[in-house]
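Going down the list, the sequences are from chains V and L. Throughout, the numbering used here is defined as the position within the first sequence, counted from one, plus 203. Throughout, the numbering used here is defined as the position within the second sequence, counted from one, plus 203.
Protein chains: 2
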Amino acid sequence: MNQLDLIKNKATAAQMNNEKQPAHEQVYQTLKAQILFGDLVPGQPVTIQGLSDSLGVGMTPVREAIRRLISDGALVFQGNRRVSVPLLSDVHVQELIFARKAIESELSKRAIANLNEANIDRLEQLDKQLDRTISEGDVGGYLRLNHAFHETLYSFADAPILSDLAERLWLRFGPSLRVVCGRFGTQSLPDRHKDIISALRNRDSEKAALATAQDVEQGMDLISGALATRT
Amino acid sequence: MNQLDLIKNKATAAQMNNEKQPAHEQVYQTLKAQILFGDLVPGQPVTIQGLSDSLGVGMTPVREAIRRLISDGALVFQGNRRVSVPLLSDVHVQELIFARKAIESELSKRAIANLNEANIDRLEQLDKQLDRTISEGDVGGYLRLNHAFHETLYSFADAPILSDLAERLWLRFGPSLRVVCGRFGTQSLPDRHKDIISALRNRDSEKAALATAQDVEQGMDLISGALATRT
DNA sequence: CAGCAATTAATTTGATCATATTCTAGCCCC
DNA sequence: GGGGCTAGAATATGATCAAATTAATTGCTG
């Protein structure tokens with residue numbers, strides 16, 4: 204199990220549930236985290252042998268994980284058998300904005316029915332930690348905690364299909380968001396987490412949905428703006 | 204290429220673009236069609252060797268296609284390494300209703316900008332063929348043409364991410380829809396295609412979105428109702 | 001220098017085998 | 001009849017190799 208120990212060491216925010224997970228699952232989780240949090244860069248080619256070397260596992264589990272991530276939209280097939288991390292165009296960002304607002308607002312709404320005060324405290328705690336990463340200029344920490352905030356919130360929605368769709372969308376913009384954060388710094392990262400939390404405490408699902416939509420829009424506008432200044 | 208000839212013969216509505224597609228891609232397309240149009244049954248276990256035998260290809264491309272379809276939500280991992288065709292619960296159907304209405308309405312709206320009269324004629328033609336399958340009691344034909352109608356419409360939206368999400372959702376309910384159609388017959392299959400077409404001809408995007416949402420709701424309510432009577 | 005062809009290198013794909021894991025059937029006991 | 005155990009069958013997983021495909025490099029010619 205030397206190779207799996209290597210995976211564990213390289214995992215960033217990957218959930219290593221236990222040692223019994225097959226290698227392909229562990230590779231998938233590792234790669235997913237790398238994409239979500241921008242360790243893989245937009246446009247970067249991804250090869251089976253390259254990942255096999257860097258992750259210290261064989262080619263078979265890497266192949267299988269890559270297949271899954273292509274279906275997730277997290278990696279794109281180039282048409283010449285090559286695979287890379289997706290670039291985002293502004294058209295794609297507009298699509299992401301629409302889809303995220305529709306889906307994530309609904310998830311916030313649905314989560315309210317299942318949230319108790321301790322759960323909301325947990326979200327508030329995550330947001331405090333997030334604020335710390337912002338003041339410390341910790342981009343990687345910001346990305347992980349921002350994702351954790353949303354993922355935790357939506358996990359209470361009891362809506363696996365919608366959560367699955369949301370995760371797919373996050374995988375599409377993760378690498379680009381990392382680039383944007385690195386370029387503009389953590390001070391430029393607005394969010395509406397406190398509004399979301401306040402709406403949750405008040406059991407106001409409409410306000411929660413609205414704050415979520417605004418949170419989505421602010422984050423994606425950052426990427427959209429960065430794309431515009433890049434051309 | 205004997206094995207690939209076998210795939211071709213077994214393909215139902217699979218798009219066999221050319222002979223140059225790798226086997227894993229062809230298996231994926233074949234399985235996708237089988238799931239969409241209900242040749243695979245809710246709850247049915249799916250094994251690598253079983254598909255390898257029935258499709259006449261080796262295990263490697265089958266494994267890779269299965270991985271992709273699990274990520275698509277079209278097949279589900281049981282947690283004991285086994286894979287099966289998803290069953291739908293009513294909670295899932297409600298999620299699907301929400302997501303499909305949000306996404307597919309938007310796709311219809313966006314399609315209007317790119318549709319000319321010939322395109323709309325084509326949709327109308329598909330709908331006429333669809334009406335024929337209904338009067339002939341041709342369940343398989345109905346499912347394929349219903350999907351083709353929507354897929355064609357949404358392809359004009361120039362919204363690859365939203366279309367991808369929609370396809371994912373269709374893959375989740377395809378097998379259950381087939382069961383419902385078989386149980387209640389084609390006469391019970393309401394749709395709003397004519398309203399959609401009329402709205403398209405009038406360039407009325409709000410009406411197109413509304414008719415799409417109603418179309419979605421009617422179709423999914425059929426599944427929901429069937430689930431209720433099954434328990 | 002540019003363009004083309006040939007060669008080499010890099011990468012993907014599929015086969016196939018061994019090993020690990022899960023399921024099933026049969027047996028025994030209470 | 002129910003529960004537990006074991007052996008064998010079924011299935012998934014990962015390794016590893018050869019063949020196919022694509023990319024990159026090199027050499028030659030005008």
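Ideal Cβ positions, reconstructed from N, Cα and C, are used throughout, including at glycine.
| Asked | Found |
| --- | --- |
| Residues of chain L with CB closer than 8 Å to the CB of residue 301 (chain V), please, in chain order. | 309, 365 |
| Grab me the residues of residue 272 (chain L)'s own chain with a C-beta within less than 8 Å of its C-beta, minus the 5 sequence neighbours each way, in chain order. | 231, 234, 235, 238, 278, 374 |
| Classify residue 230 (chain V) as helix, strand or coil using the three-state DSSP reduction. | helix |
| Could you give the distance in angstroms between the alpha-carbon of residue 390 (chain V) and the alpha-carbon of residue 318 (chain L)? | 44 Å |
| Could you check the C-alpha separation between residue 281 (chain L) and residue 287 (chain L) for me, to the nearest Å? | 7 Å |
| Would you report the Cα separation of residue 327 (chain V) and residue 426 (chain V), rounded to the nearest angstrom? | 25 Å |
| Rounded to the nearest angstrom, what separates residue 214 (chain L) and residue 384 (chain L) at their Cα positions? | At residue 214 (chain L), the pLDDT of 35 sits below 50, so the modelled position is not reliable and the matter cannot be decided from this model. |
| Helix, strand or coil for residue 248 (chain V), going by three-state DSSP, please let me know. | strand |
| DSSP state of residue 288 (chain L), grouped into three classes? | coil |
| Taking 9 Å as the CB-CB limit, is residue 305 (chain L) close to chain V? | yes |
| Indicate the three-state DSSP secondary structure (helix, strand or coil) for residue 260 (chain V) in the structure shown. | coil |
| In whole angstroms, what is the alpha-carbon distance linking residue 294 (chain V) and residue 432 (chain L)? | 44 Å |
| At 8 Å on the CB atoms, spell out the chain L contacts of residue 271 (chain V), in chain order. | 270, 271, 273, 274 |
| If residue 240 (chain V) sits next to residue 406 (chain V), beta carbons under 8 Å apart, how far is it from one beta carbon to the other, in whole angstroms? | Their Cβ separation, rounded to whole angstroms, is 32 Å, which puts residue 240 (chain V) and residue 406 (chain V) out of contact at 8 Å. |
| Taking CB distances under 9 Å as the criterion, tell me whether residue 225 (chain L) reaches chain V. | yes |
| I'd like to check one pair, residue 269 (chain V) with residue 455 (chain V): are the Cβ atoms closer than 9 Å? | Limits of chain V in this structure are 204 at one end and 434 at the other, which puts residue 455 (chain V) out of reach. |
| Have a look at residue 356 (chain V) and residue 414 (chain V) and give me their C-alpha separation to the nearest angstrom. | 13 Å |
| Write down the C-beta distance between residue 362 (chain V) and residue 298 (chain L) rounded to the nearest angstrom, noting that I regard them as a contact closer than 8 Å. | 5 Å |
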